[in-house]
Each structure stands twice: as C-alpha cells, then as structure tokens.
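Scroll down for the structure; my scribbles are underneath it.
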Amino acid sequence: MSLRQPALRTDADEHLAALCKAGGDPLRLNVLRALASDSFGVLELAQIFAMRQSGISHHLKVLAQAGLVATRREGNAIFYRRALAQGEQTGGALHAALLAEVDALQLPDAVQTRIAAVQAQRSAAARDFFARTLEKFRAQQDLIAGLAQYRDSLLTLLDALHFPPGATALEVGPGDGAFLPELARRFAAVTALDTSPAMLELARQRCAEEGLDNVELKLADALRDPQPAADCVVLNMVLHHFSDPAAAMARLARLVRPGGSLLLTELCSHHQAWAREACGDVWLGFDQDELAHWAQAAGLNLGESLYIGLRNGFQIQVRHFARPERLPPLAV
Ligand SMILES: C[S@@+](CC[C@H](N)C(=O)[O-])C[C@H]1O[C@@H](n2cnc3c(N)ncnc32)[C@H](O)[C@@H]1O
C-alpha cells in the first residue's frame, strides 16, 4: 500500500500558516500595536524599535505576506499601515482576533517615547516647510487649487446646512486665513488652529485688516492638542498633509459637536508627484470612496459632495460629513 502524503499546500493553508508565523513573534506583535493609530515608514519604524532598517524590513515583509499590513508608496517613502481583516475569507476571523488581542498590549515606555519623537519630527518638518515657503505659499497653493476655485462650492454646501445663530466654527489649518472672513460672517465665534506660527501671523494680519473680532487664532496641532468641539469644522486642503488621514478623520470627528458638520475640501487622487516638493503634500489627493470610507469608520454620516474639475487637470472634492450623537471609540 502506498502511503502518499496528502497535498497540504493549498492557498488557504499557506495563508493561515503565514498568519500564524507573522503573529508568532513579540516584535511583530508590537509593530502591529504601534500601527494601531498611525502609519509609519520603514525608517521611522527602525527608529521606534531601535533596530537596523534591514531587520525591521524583514519583519514588515513577514507581516505583509500574511496580509496584516498594507503599504502605500509616497515618493521614495513606503508607509505601512494595518490592513483590515477580510471577515469572510480564510484567516479573516484569526486576523481580526489577533488585532483585537494586540490592541490590549501595552507598548514599552521606550517605544512610546520614540513614537512621540517621530511624530514630533514630522510636525517640525511640516512647520519648517511652511516657514521656508511662506512667501511662495499663495503662488504654490494656486499652482494646483486655490480658494478662488472652490470658495463658491464650499459656501453653497455651508449655507445649505443652515447653522443656527450662535453656532461656532473651527477651521483647521487656515493657512493665511483667506477663508476666515467667510466663517466670521456666518458664525458667532470662530477658532482657527494652525501649527505654523508664520501662517498664523498672515492670518492675524488678515483678521486685523478685515476687522474680524470674533476670530480666535491658536497655535495648536489639531490632531494632538485638546480643543473644545465646534458646530462646524472646516478643513481646506489640509488632510493631504497628515501622515495617517484615516486616523486624522477619527480625531477630527471628535472636534465636531454632536449634530454638527465636518466640511472638507481636498484634491481628488492625482499623479503629479512634483506637488510633494512644491507644496509639501504627503498624499497626492484622495480617492472619493476612500475618503467616504474613512469618514464612516470615524462614525460620521455622508452628506452632500461637490466636485470641481480644474483646467490644470486637477479635480477638487468638497465633502460634507455629519456627526451623529455618538462616535465609535478611538483606537488609541
Ligand atoms: C496647504 S495649507 C492650507 C491652507 C488653507 N486652508 C488653504 O486652503 O489655503 C495647510 C495648512 O495646514 C496647517 N497644518 C498642517 N498640519 C496641521 C495640524 N496638525 N494642525 C493644524 N494645522 C496644521 C499648515 O501649517 C498650513 O497652514
């Protein structure tokens, strides 16, 4: 009687085995934990886990082969983020359970400190960029999409929301403050948060020139510094500067009062890589469905959207997302 071994290497077997292998290492579990609420490049992860780039790359490859992390290339950098579990497919339940268990892990203090250092480096790089390019700022913005091109559409969406008298607005990343006069006319009080002192100075000059006495300008990071919520949060051409836009949406949703709105203007996905150098963009616009998916994952409801095609080939999306009474808990 011949004892032939059954074929064990089906795709499903391979996938489950890859998942088990990927989960069978404390360092990889900690990498997954670190990616719970941010995405990081290879060099950043090497810094966070105090390893050589080749060492961390090996672990990332194992995680990617198991489908536990996904990558997105931005210029020369590759950012890693956690991949969502595919519920119905083989390994989907194990993947989801593994991430849930990982979320209960406590990252070592040294790792948490280095994550904070990496995030501080990113903020400093963004501040430097806006400080260095201050004079060219308006020209560079207008190279792609200036307020003039989307102001009317944005105001159409804003005015259709009929905020009551006494409602408040918060603008994240007002830049030189060009949209603040519109907000100041429509809301009882407006707060504008920007991480760039140089941009805030331009916004301050504009508020002074226009005599806007209901606008408060604050030097603050909208993703990290606690802020009181507002009825309407506005974000024009800012999301593409955030390293993890999905996590940013979850944070921004919390700046909106229950029943309030998030209005977001962004570029649609494009392939003009020069925008990174010229305008400091981290992301080359966003796919419309992707943005809707992140908003829904943040607990927001989809409202109206307007799309504006520009002569230079870019397309702008102006999106409204509504905040319900309750939001899902934040992945910390
Ligand atoms: C491309 S500019 C857009 C300015 C303006 N909204 C416009 O459309 O002209 C991005 C602005 O976001 C600010 N910014 C970037 N990250 C931020 C953060 N985490 N919190 C607050 N402001 C931020 C930058 O300093 C800059 O002023």
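Numbering (my numbering), first residue to last: -11 to 320.
C-beta: ideal position from N, C-alpha, C; glycine also.
Computed from a predicted model, the values in this text were never measured in an experiment.
Quiz item: G161: beta carbon under 7 angstroms from a heavy atom of ligand 1?
Solution: yes
Exercise. Whole angstroms is fine: what's the gap from L17's alpha carbon to S42's?
Key: Approximately 18 angstroms between the Cα atoms of the pair.
Quiz prompt | Simplified DSSP state of H308, which is helix, strand or coil | solution = strand
Practice problem: For my contact list, L7 and G75 are in at a C-beta cut-off of 8 angstroms; report their separation, rounded to the angstrom. | Solution: No, L7 and G75 are not in contact; Cβ-Cβ is about 14 angstroms, not under 8 angstroms.
Quiz item: Do V160 and L51 come within 8 angstroms of each other at the CB atom, strictly closer than that value?
Solution: no
Self-check item: Selected residue, minimal CA-CA separation from A108, among T183, Q193, Q276
Solution: T183
Quiz item: Mind checking L207: buried by the 16 CB within 10 Å criterion, or exposed?
Solution: exposed
Quiz item: Just the Cα atoms here: how many angstroms apart are C256 and V57?
Solution: If you take the alpha carbons of C256 and V57, they lie about 24 angstroms apart.
Practice problem: Tell me whether Q305 is buried or exposed, calling it buried when 16 or more other Cβ atoms sit within 10 Å of its Cβ. | Solution: By the 10 Å Cβ count, Q305 comes out buried.
Quiz item: What residues are listed by DSSP as bridge partners for T156?
Solution: A177
Self-check item: Outcome for N224 when other beta-carbon atoms lying within 10 angstroms are tallied against a minimum of 16
Solution: buried
Quiz item: Which runs of the beta strand (DSSP E) fall wholly inside the stretch 1 to 30 and span at least 3 residues, in chain order?
Solution: none
Quiz item: So, do the stretch 279 to 299 and the stretch 192 to 201 have three or more beta carbon pairs nearer to each other than 8 angstroms?
Solution: no
Self-check item: Continuous alpha helix (DSSP H) stretch holding G164: start and end
Solution: The question names Gly, yet the displayed sequence has Asp at residue 164. It is not in any alpha helix (DSSP H) - D164 carries neither H nor E in the DSSP assignment.
Quiz item: Does any heavy atom of ligand 1 sit closer than 7 angstroms to the C-beta of D182?
Solution: Distance from the C-beta of D182 to the nearest heavy atom of ligand 1 is below 7 angstroms.
Exercise. Leaving aside the five residues before and after L149 along the sequence, list all residues of the same chain whose C-beta is less than 6 angstroms from its C-beta, in chain order.
Key: So the list reads S249, once near-sequence residues are dropped.
Quiz item: How many Å lie between H47 and G11 at the Cα?
Solution: 11 angstroms
Exercise. Would you kindly work out how many angstroms separate the C-alpha atoms of W271 and S231, rounded to a whole number?
Key: 8 angstroms
Quiz item: Do F37 and V106 have their C-beta atoms within less than 8 angstroms of each other?
Solution: no
Quiz item: What residue range is occupied by the uninterrupted alpha helix (DSSP H) comprising T183?
Solution: Counting along the chain, no alpha helix (DSSP H) covers T183, and no H or E run does either.
Practice problem: Check whether the Cβ of M187 lies closer than 7 angstroms to any heavy atom of ligand 1, and answer yes or no. | Solution: yes
Exercise. Return no unless some Cβ of chain D is closer than 8 angstroms to the Cβ of V30.
Key: The structure shown contains no chain D; it holds only a single protein chain.
Quiz item: Is T179 closer than 8 angstroms to A218 when the C-beta atoms are compared?
Solution: yes
Exercise. Using the DSSP secondary-structure output, state which residues sit across from V221 in a beta bridge.
Key: DSSP output for V221 lists L158, L250 as bridge partner(s).
Quiz prompt | Own chain partners of L95 with C-beta closer than 7 angstroms, once the 5 adjacent residues on each side are dropped | solution = Within the same chain, N18, R21, A22 come within 7 angstroms of L95 by CB-CB distance, once the 5 residues on both sides are set aside.
Practice problem: Assign D164 to buried or exposed, taking buried as 16 or more other Cβ atoms, counted over all protein chains shown, within 10 Å of its Cβ. | Solution: buried
Exercise. Quick one: grab the DSSP three-state call for R102.
Key: helix
Practice problem: Starting from L205, follow the beta strand (DSSP E) in both directions and report where the run begins and ends. | Solution: Residues 203 to 207.
Quiz prompt | Closer than 7 angstroms: A166 CB and nearest ligand 1 heavy atom | solution = yes
Quiz item: Can we count L171 as close to ligand 1, meaning its CB is less than 7 angstroms from some heavy atom?
Solution: no
Quiz item: Quick one, are the C-beta atoms of L135 and F175 less than 8 angstroms apart?
Solution: no
Quiz prompt | Cβ shell of P246 (< 8 angstroms), same chain only, five flanking positions each side left out | solution = R311, P312, E313, R314
Quiz item: Looking at V321 and ligand 1, is the gap between the Cβ and the nearest heavy atom below 7 angstroms?
Solution: Missing from the structure shown is residue 321; the chain here goes from -11 to 320 and no further.
Quiz item: Going by Cα to Cα distance, which pick from R139, G154, I103, F151 is closest to P169?
Solution: R139
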